[in-house]
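Here the sequence shown is numbered in our numbering, starting from 1163 and rising by one per residue.
Everything on this sheet refers to the single structure shown next.
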Amino acid sequence: MKSKLLIKIPKTFALIFDKGDEVTATLLQFAKANQLKASYFTAIGALSDATLGFFERERKDYKRIEIEEQVEVMSLFGNIAQDESGQYKLHAHVVIGKRDGSAHGGHLLKAHVWPTLEMFLTETFETLQRKIDEETNLALIAIEQ
């Protein structure tokens, strides 16, 4: 992946993923390497495969939806924040289009870029933290009042 700082305050980066990059791991590595406080992003491009997730309330877990074909990224957006242990966590939603024009969407769990993914990522001024929500077992952004 290549990156370029576009705006210094707040920091806004253009992230251009390389062929074969795994999106979620590469993005989390970038956040860690750049010690981002918290950030939000949007992207378009194409993928050779993707694993989407649909949260099943009863199970408190994601139903995995495997897409094993070339797809267009119609919309990818989300945020990154650290959990209580300082680990970066990604929350991303994606809509992908298949060659027949059908669309599928959900949480982005895993995907490989082909041939490109063009992302704009902006760091926030303040740090945000995720905490485990007891009811859902999800790491949700906690804002203290």
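Think of the CB as a built atom: it goes at the ideal place given N, C-alpha and C, for glycine as much as any other residue.
The C-alpha of S1237 lies about 13 Å from the C-alpha of A1212. Short of 6 Å from the beta carbon of T1278, and not among the five residues preceding or following it, lie these beta carbons of its own chain, in chain order: G1207. At a Cβ-Cβ threshold of 8 Å, D1183 and V1275 count as neighbours. Distance between K1293 and D1262, taken at the CA atoms: about 40 Å. Nearest to S1247 by alpha-carbon distance, out of H1269, F1216, F1282 and L1290, is L1290. Bounds of any alpha helix (DSSP H) do not take in F1282; it lies within the beta strand (DSSP E) bounded by A1265 to E1285.
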